[in-house]
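Before any comments, here is the structure.
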Amino acid sequence: MAPPQSTDLYRLDEDWTEEQQLIVEQVRRYVDTVVLPCIGEHHHRETFPEEIIAGLRELGLFESIAANELDACTYGLISRELERGSSAVRSIVSVQGSLVMGALQQFGSKAQQRDWLPRLGRLDAWGCFALTEPDFGSNPAGMETRAERTADGYRLNGAKCWITNGVRADFAVVWANLEGAIHGFLVETDRSGFTATPIKGKWSFRSSETAQLFLEDVDVPATALLPGATSLGAALKCLSGARYTIAWGAVGAARACLEETIAYLKARPQFHGKPLASHQLIQYKLAWMNTEIVGMELIAHRLGTLRERGRLAPEQIALAKMNNCRKALEVARTCRELLGANGIHSEYHVGRRMVDLETVLTYEGTEHIHALTIGAALTGIKAFG
Ligand code: TGC
Ligand code: FAD
Numbered sequence: 014m015a016p017p018q019s020t021d022l023y024r025l026d027e028d029w030t031e032e033q034q035l036i037v038e039q040v041r042r043y044v045d046t047v048v049l050p051c052i053g054e055h056h057h058r059e060t061f062p063e064e065i066i067a068g069l070r071e072l073g074l075f076e077s078i079a080a081n082e083l084d085a086c087t088y089g090l091i092s093r094e095l096e097r098g099s100s101a102v103r104s105i106v107s108v109q110g111s112l113v114m115g116a117l118q119q120f121g122s123k124a125q126q127r128d129w130l131p132r133l134g135r136l137d138a139w140g141c142f143a144l145t146e147p148d149f150g151s152n153p154a155g156m157e158t159r160a161e162r163t164a165d166g167y168r169l170n171g172a173k174c175w176i177t178n179g180v181r182a183d184f185a186v187v188w189a190n191l192e193g194a195i196h197g198f199l200v201e202t203d204r205s206g207f208t209a210t211p212i213k214g215k216w217s218f219r220s221s222e223t224a225q226l227f228l229e230d231v232d233v234p235a236t237a238l239l240p241g242a243t244s245l246g247a248a249l250k251c252l253s254g255a256r257y258t259i260a261w262g263a264v265g266a267a268r269a270c271l272e273e274t275i276a277y278l279k280a281r282p283q284f285h286g287k288p289l290a291s292h293q294l295i296q297y298k299l300a301w302m303n304t305e306i307v308g309m310e311l312i313a314h315r316l317g318t319l320r321e322r323g324r325l326a327p328e329q330i331a332l333a334k335m336n337n338c339r340k341a342l343e344v345a346r347t348c349r350e351l352l353g354a355n356g357i358h359s360e361y362h363v364g365r366r367m368v369d370l371e372t373v374l375t376y377e378g379t380e381h382i383h384a385l386t387i388g389a390a391l392t393g394i395k396a397f398g
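So this is what it looks like as structure tokens:
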């Protein structure tokens with residue numbers, strides 16, 4: 014029998030520079046030695062994996078983001094490798110890096126950037142991104158959170174829902190309607206009138222902290238306004254950055270499911286002592302999954318190239334986010350099935366990955382929303398309403 018091949022059948026990893034391959038190896042080692050040994054237990058207990066933070070800090074990833082040093086494909090590869098461990102861990106990068114630091118870098122004043130970026134980069138401070146509301150998820154344009162001018166700043170009132178890192182955050186990037194247009198505000202979470210309540214009882218993203226935020230007459234100074242964020246388009250630009258990391262991350266989640274499943278199928282005999290991996294129907298499913306993963310990775314790579322050229326359009330990100338999340342979830346569900354009863358047990362990672370991918374499919378724009386973005390680009394007709 015020929016020796017088994019890596020699941021990277023198209024040798025896509027050979028395209029990366031030596032430096033990128035070293036970074037991939039470094040993040041992979043971190044995931045194997047720090048994330049994977051503890052993440053299942055945190056998922057089970059619904060607790061945040063505090064012990065992974067020191068290693069994440071040592072990787073220097075957030076300092077590179079703060080210094081604008083990461084090229085698009087390296088950022089993508091890091092997201093892919095982190096999600097080999099856990100979608101919830103990759104989400105830390107999407108929120109702290111793309112949404113929060115991204116909002117500061119694109120729309121913050123020099124003073125706001127100076128105050129927060131170095132601390133966020135060292136993970137000495139945390140931020141969260143508060144767009145979704147209880148009654149406005151897919152349609153943030155309808156938000157009810159309001160800002161009004163005061164003598165020396167703004168007063169905010171409203172509620173935000175499903176906010177990742179909302180309890181841990183030192184400040185929230187709060188999107189609020191000011192005089193008919195949506196603006197972004199940096200709101201320190203210890204301000205009077207600001208409350209963050211954890212959302213417990215999730216069956217997906219259990220190792221990620223999610224919160225509901227309440228703002229009751231929260232007064233902030235004039236310097237809290239993100240000067241460049243004066244329309245919903247600003248929030249959507251931040252989302253573009255995070256959706257990019259999600260498209261890459263989904264590749265890592267799917268590949269991790271496939272690799273765990275192949276190892277399992279080779280070790281488990283059924284029918285005449287033959288390993289499950291030797292049955293034709295099973296090999297068909299492995300082939301289908303690997304083909305989908307190659308496709309996902311090619312899309313992510315192309316997205317990276319477009320981003321490096323500064324030519325990334327919303328519909329291109331929508332296509333990658335929609336396709337890669339849906340395909341990753343299908344791969345995870347198929348792997349779960351191929352592990353039989355063991356597929357529903359926490360001794361294996363596929364079940365956790367599968368339920369986490371349900372969140373990944375929904376947040377940062379659902380499948381329908383991305384399909385409608387692509388549809389609008391193809392036809393010139395917006396069909397959201
Ligand atoms: P629309 O009129 O289409 O657009 C308003 C303005 O924004 C511009 N724009 C974009 N700009 C950059 N990137 C994009 N992706 C953009 N999409 C639109 C657009 O050109 C326009 O600009 P201008 O200058 O003409 O004003 O807005 P709409 O109200 O019709 O909404 C469009 C829609 C439905 C696509 C948008 O609302 C949407 O994307 N909805 C989904 C909401 C969503 O994704 N929420 C995510 C919340 S954050 C989150 O989930 C974090 S998860 C955290 C974790 O990883 O743990
Ligand atoms: P809804 O908008 O109510 O949609 C429900 C269903 O209706 C979906 O299937 C959707 O596709 C469909 N639908 C909606 N509109 C249309 C339409 N026009 N046509 C066809 N179908 C439609 N938000 C933040 O702001 N910050 C965060 O940090 C954050 N973190 C999150 C973490 C987790 C674990 C989760 C689960 C969510 C998080 N979110 C966050 C919220 C997330 O972005 C929203 O859940 C998402 O945008 C969808 O909104 P919704 O849940 O209100 O669903």
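For the sequence shown, this note's numbering assigns the number 14 to the initial residue and increments by one for each residue that follows. Beta carbons are placed, not taken as given, at the ideal position from N, Cα and C, and that holds for glycine. Predicted, not measured: the structure shown is a model, and the values here were computed from it.
Practice task
Starting from residue 102, trace the beta strand (DSSP E) both ways and give me its first and last residue.
Solution key: No beta strand (DSSP E) contains residue 102, which is instead part of the alpha helix (DSSP H) from 100–105.
Problem - Three-state secondary structure (DSSP) of residue 120 - result: Three-state DSSP puts residue 120 in a helix.
Exercise for the section: Would you check if there are 3 or more beta carbon pairs closer than 8 Å linking the region 228–239 to the region 163–181? Expected result: Touching, yes, given that three or more Cβ pairs across the two stretches are closer than 8 Å.
Problem - Those runs of the alpha helix (DSSP H) which lie wholly inside the region 269–321 and span at least 4 residues - result: Runs found: 293–321.
Practice task
Examine the ligand FAD and report whether any of its heavy atoms sits within less than 7 Å of the Cβ of residue 301.
Solution key: The answer is no for residue 301.
Exercise for the section: Inspect the beta-carbon positions of residue 38 and residue 265 and report whether they are closer than 8 Å. Expected result: The beta carbons of residue 38 and residue 265 sit no closer together than 8 Å.
Problem - Distance, residue 149 Cα to residue 155 Cα - result: So the two alpha carbons sit approximately 6 Å from each other.
Practice task
Figure out for me which residue from 314, 111, 172 has the closest Cα to the Cα of residue 224.
Solution key: Of the candidates 314, 111, 172, the one whose C-alpha sits nearest the C-alpha of residue 224 is 172.
Exercise for the section: Report yes if the CB atom of residue 239 is closer than 8 Å to the CB atom of residue 142, and no otherwise. Expected result: It is not a contact, given that the beta carbons lie outside the stated cut-off.
Practice task
Taking residue 221 and residue 104 to be in contact with their CB atoms under 8 Å, please state how far apart those CB atoms are, rounded to whole angstroms.
Solution key: Their Cβ separation, rounded to whole angstroms, is 6 Å, which keeps residue 221 and residue 104 in contact under 8 Å.
Exercise for the section: Take the Cβ of residue 294 as the centre, count every other Cβ of all protein chains shown within 10 Å, and call the residue buried at 16 or more, exposed below. Expected result: Here residue 294 is exposed, its C-beta having fewer than 16 other C-beta atoms within 10 Å.
Practice task
Reducing DSSP to helix, strand and coil, say where residue 195 ends up.
Solution key: Three-state DSSP puts residue 195 in a strand.
Practice task
Tell whether a beta-carbon distance below 8 Å holds between residue 61 and residue 109.
Solution key: Taking 8 Å as the Cβ cut-off, residue 61 and residue 109 do not qualify as a contacting pair.
Practice task
Kindly indicate the opening and closing residues of the beta strand (DSSP E) around residue 167.
Solution key: Unbroken beta strand (DSSP E) run through residue 167: 166–177.
Practice task
Compute the distance between the beta-carbons of residue 358 and residue 25, then report whether it is under 8 Å.
Solution key: Taking the C-beta atoms as reference points, residue 25 is found no nearer than 8 Å to residue 358.
Practice task
Please report how far the alpha carbon of residue 64 lies from the alpha carbon of residue 322, in whole angstroms.
Solution key: Looking at the backbone, the Cα of residue 64 and that of residue 322 are separated by about 37 Å.
Practice task
Please say whether residue 188 and residue 436 have beta carbons closer to each other than 8 Å?
Solution key: Because the chain is modelled from 14 through 398, residue 436 falls outside the range shown and cannot be assessed.
Problem - Spatial neighbours of residue 327 in its chain, beta-carbon cut-off 7 Å, leaving aside the 5 residues before and after - result: Excluding positions up to five away in sequence, the list reads 253, 386.
Practice task
Verify the contact flag: residue 49, CB atom, against every heavy atom of the ligand FAD, threshold strictly below 7 Å.
Solution key: The answer is no for residue 49.
Handout entry: Three-state class that DSSP yields for residue 45 in the structure shown
Key = Note: residue 45 maps to helix in three-state DSSP.
Handout entry: residue 383, buried or exposed, once every other Cβ within 10 Å from all chains shown has been counted against 16
Key = Residue burial is scored here from C-beta neighbours: residue 383 has at least 16 other C-beta atoms within 10 angstroms and is therefore classed as buried.
Handout entry: Coarse secondary structure for residue 80, derived from DSSP in three states
Key = In the structure shown, residue 80 falls within a coil segment according to DSSP collapsed to helix, strand and coil.
Exercise for the section: State yes or no: is the C-beta of residue 157 nearer than 7 Å to some heavy atom of the ligand FAD? Expected result: Residue 157 has its CB no nearer than 7 Å to any heavy atom of the ligand FAD.
Exercise for the section: Please find out if some non-hydrogen atom of the ligand TGC comes closer than 7 Å to the beta-carbon of residue 11. Expected result: Not covered by the structure: residue 11. The range shown for the chain is 14 to 398.
Exercise for the section: From the DSSP output, in three-state form, read off residue 190 for me. Expected result: Residue 190: strand per DSSP, three-state reduction.
Problem - Close-in-space but distant-in-sequence residues of the same chain around residue 309 (CB under 6 Å, 5 per side omitted) - result: Once the five neighbours on either side are set aside, the close Cβ partners of residue 309 are 264, 337, 340.
Problem - Run of the alpha helix (DSSP H) containing residue 372, from where it starts to where it stops - result: 363–375 is the span of the alpha helix (DSSP H), which, as asked, contains residue 372.
Exercise for the section: Would you kindly work out how many angstroms separate the C-alpha atoms of residue 179 and residue 185, rounded to a whole number? Expected result: Those two C-alpha atoms are separated by around 7 Å.
Practice task
Check whether the Cβ of residue 176 lies closer than 7 Å to any heavy atom of the ligand FAD, and answer yes or no.
Solution key: Yes, the ligand FAD has a heavy atom inside 7 Å of this Cβ.
Practice task
Run the proximity test for residue 23: is its beta-carbon closer than 7 Å to any non-hydrogen atom belonging to the ligand TGC?
Solution key: Taking the Cβ of residue 23 as the reference point, every heavy atom of the ligand TGC lies at 7 Å or farther away.
Handout entry: Distance CB(residue 347)-CB(residue 279) smaller than 8 Å
Key = No, the Cβ-Cβ distance between residue 347 and residue 279 is not below 8 Å.
Practice task
Return yes when the C-beta of residue 327 is under 7 Å from any heavy atom of the ligand TGC, and no when it is not.
Solution key: Checking every heavy atom of the ligand TGC against the Cβ of residue 327, one is found closer than 7 Å.
Practice task
Go ahead and label residue 394 buried or exposed: buried means 16 or more other beta carbons lie within 10 angstroms of its beta carbon, across all protein chains shown.
Solution key: Exposed.
Handout entry: Proximity of residue 365 and residue 270 at Cβ, strictly below 8 Å
Key = No. Outside cutoff.
Handout entry: Proximity below 8 Å, CB of residue 136 to CB of residue 114
Key = No, they are not a contact pair.
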